[in-house]
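As structure tokens, the structure follows; a few thoughts come after it.
Protein chains in written order, with this note's numbering: chain A, 47 to 227; chain B, 12 to 325.
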């Protein structure tokens, strides 16, 4: 039996209960830097496959090249799979296609907003050279605390590689925005 | 992040004690308590018709550029003009460190003979051996990234120059016949776009700011300009890998890079300095492993702990 399950936000269970059990176990792992998101919410868990010998391989993709949470995610996936009864569990890295914030699921976006982090808008799509932007970035951002859309960017870089810093001009509180890539 | 509204109807929760939960899961005590292979499970077969040694050296060139600038930017940590810029420079350093790690790992996978040997039983992975156990003469970075930071204006200018060039390079590299290089480049393009635009906005701000900010910016640009043309000089390894379809000839990037840089300079009211390029040592420069004196001192600081503990577990 060889089976593969691909990342799908609206995934229906497969007809293979063992594969579903492995998927569910790996799905329980959260991003240590964004613990309100599972690896499925984040779009980082790309595939689970089970070989003829019962070995489970989970494929995960890094969010940023230097994301320091990758090692923890890998260890946690292996631990959860072993706890679910898969003694032979491995993680492989998938580099291509590169992760995009568009893969964050609707549930993940809701969880971010509930935790006070503004979810990303649509990632830029382009062909040809990346255009230079000398003006401050313009995004439709809503303050996750008071709902105001009157906010200014403080910095395009935040407490983790994936976030920008904003300040709400209505409630005056700072908040973070998961930036589009 | 605690919900501020919970103060109104406070019930005991796990935010009451900052230490609660720290030791629930020992793996979360610190990130990366063990070495892991950043290319685990990735197919690192060298494409047909490509010399593995040349591919590895090419990866070292691009990896060393990122590693050395990352180390320089990390020197800003806790020293930047304000907290936001401190965090920004550290973020850029982290992105570059991630790129360096993948590129050094790809170099090692292509040609293991270039990886320094360590004592039997050393757990140090290949990319760390390349980063911490090579001397300056074996580093292949362009000299632009190794010179000291200077002030904030000079640091911003260096990020602008480097990221503008590297973004153009990696856009082309994302079509490399080497699937690993192509994937690393495609991801890095997204990161470099943020770096370039951040530096471009600050360059404009400093140029149009006060007399003092403009004076410092122009002085920084003058310091860096002699290192600029080196980025577009084609080394034999770059030529060979470009002809094999895995690398990029940097000479071909000049026109695209100039368009972007001129946009920033024009908006800032700054002219290109009329300064000659810095000569090499008997014609040999950063890509040949011939550096300015400061690189060896920077590496001494960067490498000292790893070299003191070649069998160390972290």
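Glycine residues also receive a C-beta, built at the ideal position from the N, C-alpha and C atoms.
Asked, Found
"Reduced DSSP secondary structure (H/G/I, E/B, other) of residue 69 of chain B", "helix"
"Interface flag, residue 180 of chain A vs chain B, CB-CB below 9 Å", "yes"
"Cβ-Cβ distance between residue 158 of chain B and residue 210 of chain B below 9 Å", "no"
"is_contact[residue 207 of chain A, chain B] using C-beta, thresh 9 Å", "yes"
"Cβ pair count under 8 Å reaching 3, the segment 124-138 of chain B against the segment 195-204 of chain B", "no"
"Cα-Cα separation between residue 43 of chain B and residue 206 of chain A, rounded to whole angstroms", "Residue placement at residue 43 of chain B cannot be trusted, given a pLDDT of 47 that sits under 50; what the coordinates show is reported in the next sentence. Residue 43 of chain B and residue 206 of chain A: Cα-Cα distance of roughly 16 Å."
"Whole-angstrom C-beta distance between residue 148 of chain A and residue 168 of chain A, which should lie under 8 Å", "7 Å"
"Separation of residue 295 of chain B from residue 321 of chain B, as counted between CA atoms", "31 Å"
"Residue 86 of chain B versus residue 177 of chain B: straight-line alpha-carbon distance, rounded", "21 Å"
"Beta-carbon neighbours of residue 202 of chain A, restricted to chain B and to distances below 8 Å", "99, 205, 208, 209"
"Of the residues B:268, B:238, B:123, B:139, the one placed nearest residue 62 of chain B, counting alpha carbons only", "B:123"
"Cβ pair residue 64 of chain A, residue 106 of chain A closer than 9 Å", "no"
"Contained alpha helix (DSSP H) runs [length at least 4] in the segment 132-165 of chain A, N- to C-terminal order", "152-160"
"Contact residues within the segment 144-165 of chain B, judged by C-beta distance below 7 Å to chain A", "none"
"Inter-residue Cα distance where the pair is residue 271 of chain B and residue 66 of chain A", "50 Å"
"Residue 178 of chain A versus B:267, B:116, B:146, residue with shortest Cα-Cα distance", "B:267"
"Own chain residues within Cβ distance below 6 Å of residue 74 of chain B, not counting five before or after", "111, 114, 115"
"Contact list for residue 190 of chain B against chain A, beta-carbon separation under 9 Å", "141, 142"
"Other residues of its chain near residue 254 of chain B: CB distance less than 8 Å, five sequence neighbours each side excluded", "none"
"Residue-level contact to chain A via CB, residue 52 of chain B, 9 Å cutoff", "yes"
"Collapsed DSSP secondary structure at residue 34 of chain B in the structure displayed", "The pLDDT assigned to residue 34 of chain B is 49, lower than 50, so where the model puts this residue is not dependable; a value taken from the coordinates is nonetheless given after this. It is coil, neither helix nor strand."
"Pair within 9 Å by beta-carbon distance, residue 54 of chain B and residue 193 of chain B", "no"
"Beta carbon of residue 137 of chain B nearer than 9 Å to that of residue 153 of chain B", "no"
"Three-way DSSP call (helix, strand, coil) for residue 169 of chain B in this model", "helix"
"Neighbour flag for residue 112 of chain B against chain A, beta carbons, 9 Å", "yes"
"Inter-residue spacing [alpha-carbon to alpha-carbon] between residue 259 of chain B and residue 151 of chain B", "16 Å"
"Range of the contiguous alpha helix (DSSP H) that encloses residue 201 of chain B", "190-218"
"Coarse secondary structure for residue 246 of chain B, derived from DSSP in three states", "coil"
"Pair within 9 Å by beta-carbon distance, residue 246 of chain B and residue 147 of chain B", "no"
"Any 3 or more C-beta pairs closer than 8 Å across the segment 181-193 of chain A and the segment 68-84 of chain B", "no"
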